Structures are given as C-alpha cells and as structure tokens.
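Peer 1: Take this structure, written in structure tokens, and hold onto it; I'll ask about it next.
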Amino acid sequence: MRLQVLGTAAGGGVPQWNCACPGCAGARAHPAWRRRHASLAIQLPGRVAVVNATPDIAAQVEDCPWLPPDRDHAPLVVLTDAELDHTLGLLRLREAASLDVAATLPVRQALRPFEEILRPYAPIRWHPMDTVAEPIPVSAKRPRYAATATANAEEADGAWVSALRFTDGRSTVVYAPAMGVWTPELHTAFRDADCVIIDGTFWDDEEPRRTGISSQTATGMGHLPIEETMERLAALPGRCLYTHLNNTNPLVDPDALHHKVLAELGVEVAADGMVIEL
Ligand SMILES: [Zn+2]
C-alpha cells in the first residue's frame, strides 16, 4: 500500500490566517514551517481515497501525482468526522460531475446542508463506510454547528469521530487525526497495523489553555496530547507518526527539542508531501 501525506496541520493550518502566535509567525518567516490541513491519500485497489476534505483540498489534489486532472472522476473522499476543517473542502470540489463520499451515518446527517448546496453542482453519492474502511469510534464530540443535531443521529449506527483502518489485503494503516481516547479496540487495531498515523494536535494537556485558544484542556477538546500517547506509540510494532499539529504545538518549529524526544522514542512527525510505502 502507498500513502501520501497531503497535509499535517489542525484546523486553521500553519499559519492560520488570523493568528500571530509564534508558530504562525514562524511559518510566515520560514516557508518550511508551513503545513496544510491534515489529509492523507491512500492507493486502494482500483482507486485513490483521500481522507477528509480540507479547505486546502484543491491544492492538495494538485500536488498529488496519483490524482491527475479528470473532470469525470473526483477522488473518493472518506471522512473521519464532520468537523469543518475536515469537510469544507467538499464545497471546494463543486466542479466535479459528482462526489463519492464515505462517512458514518451521524457525519452524513450533519452534512445535509452541504449536500443540499452541492446538489445542483456535484451531487454527493454516499458510500457506507465499511465498503472502504473500518471505522473505530474515538469520540462522541459533535461539531459545534451540529450541537443540536436530531436524536436520530444519536441513535444512528456509527460514531461522530472515527479512526479509520484501511487494508489492501497485504498491509494495513490506521489513521486517527482526532482521538480523545485510546480504547482497547483502538489499541488492537494499532498493534496489528503496519503504520499508525495519529492525533498530534497538542503536545501537552494544558497547551490550549496556556496559549489562550480555549478554556478547555486538549483532552477536553477531544485530542489526547502527545505527552500521553508517545510512549504507548513507541511500544507498537509498526511505523508510527503524528499528524494534525495545531499552530500552538511546539513541533511546528523544526528546531524544537520536542522533535528529539520523539526521535529517541522512534516516533515520527508526518510532513506534508511525505510518501509512505507499506
Ligand atoms: Zn497561530
């Protein structure tokens, strides 16, 4: 299986357009610090899947050699959740003849407004998640815009936020750009995977409060901090990488000592454009 990392930043990207924090200022001064919104292209039998449709998706497709310009065929989009930084790109793809999207039922229901807007341009053809990937529930956190979604979505089969396990029969990757828990089910999937790419939004639990971006901890925001996952990641047999870095994360500075801490554990930080062969 071949993967291409299309982006590695959390919502807003690095730099975020309205932010002058040290990470964003650094990215304006040093192009090498820049990171697009987290996304992953995966070569599956017969087609390429793109995990999450970020606000950067058009540029990300342009930069992925496996996705040549084709008016009739858009990439298959697979969604881990319904957060805006993972779904706004669906609207950006409106020039397509139609869109193929796989999502869990609560995510699909939350995206009804997008579906309505897109219908006259590029109708969405929904695919059951299990025809593309195995979703593993990692959080019940809803997007703010769907805070009052119907009880129907609660009862629906599937999670608001999922880790996704992809396999081509020979190798397996588990992608979890947002994970608020490390469950036994997730651990089993990680242990059996050739490659694990997970939530590196925040370095430590207090980071969102300390930097003033939220009144909640990282865990409270649905993101286990790196400090709490790096040793567990290091103990896994497969190749392990962090993605979805927030602009407050010290790792956005390539010279930060935090990179050395991870390197000593044998854990990697994903980079935009990185190709992974499994
Ligand atoms: Zn910033």
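Residue numbers (full-length UniProt numbering): 1 to 278. Glycine included, each C-beta is placed from N, C-alpha and C at the ideal position. If you're wondering where the values come from, they're calculated on a predicted model, not measured in any experiment.
Contact criterion: CB-CB distance below 7 Å. Does L99 meet it with respect to chain B?
Peer 2: Among the chains of the structure shown, chain B does not appear; only one protein chain is present.
Peer 1: Any heavy atom of ligand 1 closer than 6 Å to the beta-carbon of G23?
Peer 2: Yes.
Peer 1: Comparing C-alpha positions only, which one of L91, R94, H86 and D81 sits nearest to P106?
Peer 2: Per the Cα distances, D81.
Peer 1: Whether or not the stretch 240-255 and the stretch 190-209 are in contact is what I'm after, with contact meaning three or more pairs of Cβ atoms, one per stretch, closer than 8 Å; do they touch?
Peer 2: Judged by Cβ distances under 8 Å, the stretch 190-209 makes contact with the stretch 240-255, as three or more pairs qualify.
Peer 1: Taking the straight line between their C-alpha atoms, what separation do you get for G180 and R142?
Peer 2: Those two C-alpha atoms are separated by around 12 Å.
Peer 1: Report the option in R209, T229, D100 and Q109 whose CA atom is closest to the CA atom of H187.
Peer 2: For H187, the nearest C-alpha among the options comes from T229.
Peer 1: Using a threshold of 7 Å, state whether the C-beta atoms of L272 and T8 are closer than that.
Peer 2: Going by the sequence as given, residue 272 is Asp instead of Leu. It is a contact, given that the beta carbons lie within the stated cut-off.
Peer 1: Rounding to the nearest angstrom, what Cα-Cα distance links A103 and L164 in this structure?
Peer 2: Distance between the alpha carbons of A103 and L164 is about 10 Å.
Peer 1: What first and last residue would you give for the beta strand (DSSP E) that runs through V5?
Peer 2: Note, V5: beta strand (DSSP E), R2 to G7.
Peer 1: Using DSSP with H/G/I as helix, E/B as strand and the rest coil, what is F190?
Peer 2: The answer is helix: DSSP assigns F190 an H, G or I state.
Peer 1: For N249, is the beta carbon positioned less than 6 Å from some heavy atom of ligand 1?
Peer 2: N249 Cβ: outside cutoff for every heavy atom of ligand 1.
Peer 1: Spell out a yes or no on whether the stretch 44-56 and the stretch 84-97 are touching, meaning 3 or more CB-CB pairs, one atom from each, closer than 8 Å.
Peer 2: Contact holds: three or more Cβ-Cβ distances are below 8 Å.
Peer 1: Tell me, please, whether the stretch 91-103 touches the stretch 120-131 by the rule of three or more beta-carbon pairs shorter than 8 Å.
Peer 2: Output reads yes: the stretch 120-131 touches the stretch 91-103.
Peer 1: Give me the Cα-Cα distance between A151 and Q109, rounded to the nearest whole angstrom.
Peer 2: Note that A151 scores a pLDDT of 49, beneath 50, so its modelled location is shaky; the value from the coordinates is reported in the next line. C-alpha separation (whole angstroms): 11 Å.
Peer 1: Heavy atom of ligand 1 less than 6 Å from the Cβ of C240, yes or no?
Peer 2: Outside the cutoff, so no.
Peer 1: Is I276 closer than 7 Å to L3 when the C-beta atoms are compared?
Peer 2: Yes. Within cutoff.
Peer 1: Note down the Cα distance separating V132 from E185, rounded to an integer number of angstroms.
Peer 2: Answer to the nearest angstrom: the Cα atoms are 19 Å apart.
Peer 1: Out of curiosity, what's the CA-to-CA distance linking A256 and Q16?
Peer 2: Going by the C-alpha atoms only, they are around 20 Å apart.
Peer 1: Between the Cα of residue 296 and the Cα atoms of A159, L111, A140 and R144, which residue gives the shortest distance?
Peer 2: Summary: the structure shown does not reach residue 296, with the chain confined to residues 1 through 278, and so no result is reported for it.
Peer 1: State yes or no: is the C-beta of D168 within less than 7 Å of the C-beta of M1?
Peer 2: It is a contact, given that the beta carbons lie within the stated cut-off.
Peer 1: Taking only the alpha-carbon atoms, compute the straight-line gap between E207 and D63 and give it to the nearest angstrom.
Peer 2: Roughly 32 Å separates the two Cα atoms.
Peer 1: Assign S215 to one of two classes, buried (16 or more other C-beta atoms within 10 Å of its C-beta) or exposed (fewer than that).
Peer 2: Classification of S215: exposed, given that the 10 Å Cβ count is below 16.
Peer 1: Compute the Euclidean distance between the alpha carbons of L91 and F114, then round it to the nearest angstrom.
Peer 2: Their backbone Cα atoms lie some 7 Å apart in a straight line.
Peer 1: For R210, list the residues DSSP reports as bridge partners.
Peer 2: Its beta-bridge partners do not exist; DSSP assigns none.
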